[in-house]
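Report on one structure; see the data block that follows.
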Amino acid sequence: MARLVYQLKVTLRGTRPPIWRRLEVASDLTLGGLHEVLQISMGWTDGHLHAFVADGVEYGTPDPEWGTQVRDESRVRLTRVLRAPKDRLVYEYDFGDGWEHVVVLEKVLPFDPARHQDPLVTGGRRACPPEDCGGVFGFYRMLDVLGDPQHPEHGDMREWVGDVFEPDVFDIEEANLLLRGG
4 MARLVYQLKV
14 TLRGTRPPIW
24 RRLEVASDLT
34 LGGLHEVLQI
44 SMGWTDGHLH
54 AFVADGVEYG
64 TPDPEWGTQV
74 RDESRVRLTR
84 VLRAPKDRLV
94 YEYDFGDGWE
104 HVVVLEKVLP
114 FDPARHQDPL
124 VTGGRRACPP
134 EDCGGVFGFY
144 RMLDVLGDPQ
154 HPEHGDMREW
164 VGDVFEPDVF
174 DIEEANLLLR
184 GG
């Protein structure tokens with residue numbers, strides 16, 4: 004069977020304007036592999052738990068101590084959960100903050116060995132929110148505080164987030180470099 008590539012659009016639910024990424028990944032990538040690609044391409048640091056939900060079935064890293072019934076993401080390939088354009092799944096990262104990413108299969112493409120040796124980010128908008136900022140609500144509150152130098156929490160928030168956080172900037176070249184292991 005010929006190798007195929009999935010063009011996926013990943014949108015961080017609840018963000019306006021949307022924070023999104025467009026990816027090209029091998030169709031036989033596992034959900035565990037997709038987790039790694041999503042962490043890097045979005046800008047997360049993989050410091051929290053995660054899960055996928057497709058067709059009402061939850062996939063993740065089974066842990067008997069948690070007692071949850073998740074299917075092992077390392078054994079499930081994208082072709083099993085995304086079969087045709089417009090199929091979708093949800094990827095939740097950080098159950099405390101509840102970052103939900105809607106992953107939509109946009110296109111099925113032929114494999115090009117010159118282009119598809121590694122996952123590829125082909126588009127995206129806006130920076131990923133900082134870890135542990137409180138989910139979508141906390142993120143927008145943070146942006147309000149940062150946007151108001153007179154706000155009593157402005158100095159503390161600026162110190163916490165750092166001077167380099169630019170919410171409207173996404174560096175596609177950096178994301179691709181990181182996906183290549185750079």
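The numbering of the sequence shown is the numbering used here, which starts it at 4 and goes up by one.
Beta carbons: idealized from backbone N, C-alpha and C, even for Gly.
Worksheet item: According to the Cβ coordinates, are Leu92 and Val79 closer than 7 Å?
Response: As a working mapping, residue 92 is identified with position 89 in the sequence shown. As a working mapping, residue 79 is identified with position 76 in the sequence shown. The answer is no: Cβ separation not under 7 Å.
Worksheet item: Is it true that the CB of Arg24 sits closer than 7 Å to the CB of Gly127?
Response: Translated into the one-based positions of the sequence shown, residue 127 becomes position 124. Translated into the one-based positions of the sequence shown, residue 24 becomes position 21. Closer than 7 Å, so yes.
Worksheet item: How many Å lie between Leu26 and Val56 at the Cα?
Response: As a working mapping, residue 26 is identified with position 23 in the sequence shown. As a working mapping, residue 56 is identified with position 53 in the sequence shown. Spanning the two alpha carbons is a distance of roughly 19 Å.
Worksheet item: Does the separation of the CB atoms of His104 and Val164 fall below 7 Å?
Response: If you number the sequence shown from 1, residue 104 lands on position 101. If you number the sequence shown from 1, residue 164 lands on position 161. The answer is no: Cβ separation not under 7 Å.
Practice prompt. Grab me the residues of Leu34's own chain with a C-beta within less than 6 Å of its C-beta, minus the 5 sequence neighbours each way, in chain order.
Written response: Along the sequence shown, one-based indexing puts residue 34 at 31. Here the set comprises Phe55, Tyr62, Glu76, Val79.
Worksheet entry | Within the segment 30 to 118, ranges of the beta strand (DSSP E) (whole runs, at least 3 residues) | 53 to 57, 60 to 63, 91 to 96, 102 to 113
Worksheet item: Would you call the segment 117 to 125 and the segment 87 to 101 touching, i.e. three or more CB-CB distances under 8 Å?
Response: no
Worksheet item: Could you check where the beta strand (DSSP E) with Arg19 kicks off and where it finishes?
Response: Reading the sequence shown from its first residue, position 16 is the one you call residue 19. Careful: Arg19 lies outside any beta strand (DSSP E) and carries neither H nor E.
Worksheet item: Roughly how many angstroms separate the alpha carbons of Leu108 and Pro155, rounded to a whole number?
Response: For the purposes of this step, residue 108 is taken as the residue at position 105 of the sequence shown. For the purposes of this step, residue 155 is taken as the residue at position 152 of the sequence shown. Near 44 Å, if we compare the C-alpha coordinates of Pro155 and Leu108.
Discussion item. Between the alpha carbons of Val172 and Ala87, how many angstroms are there, rounded?
Written reply: As a working mapping, residue 172 is identified with position 169 in the sequence shown. As a working mapping, residue 87 is identified with position 84 in the sequence shown. C-alpha separation (whole angstroms): 31 Å.
Discussion item. Just to check my reading of the structure: Leu182 and Asp121 have Cβ atoms closer than 8 Å, yes? What is that Cβ distance to the nearest angstrom?
Written reply: The count along the sequence shown starts at 1 and reaches residue 182 at position 179. The count along the sequence shown starts at 1 and reaches residue 121 at position 118. With 8 Å as the limit, Leu182 and Asp121 qualify as a contact, their Cβ atoms being about 6 Å apart.
Worksheet item: Would you report the Cα separation of Gly185 and Leu37, rounded to the nearest angstrom?
Response: As a position in the sequence shown, residue 185 is number 182, starting the count at 1. As a position in the sequence shown, residue 37 is number 34, starting the count at 1. Looking at the two C-alpha atoms, the distance is approximately 18 Å.
Worksheet entry | Reference His51; option with closest CA among Tyr143, Leu11, Arg144, Asp135 | For the purposes of this step, residue 51 is taken as the residue at position 48 of the sequence shown. Taking only the C-alpha atoms, the option nearest His51 is Asp135.
Discussion item. For Gly127, report the span of its beta strand (DSSP E) as first-last.
Written reply: Residue mapping note: residue 127 aligns to position 124 of the sequence shown, counting from 1. 123 to 128 is the span of the beta strand (DSSP E), which, as asked, contains Gly127.
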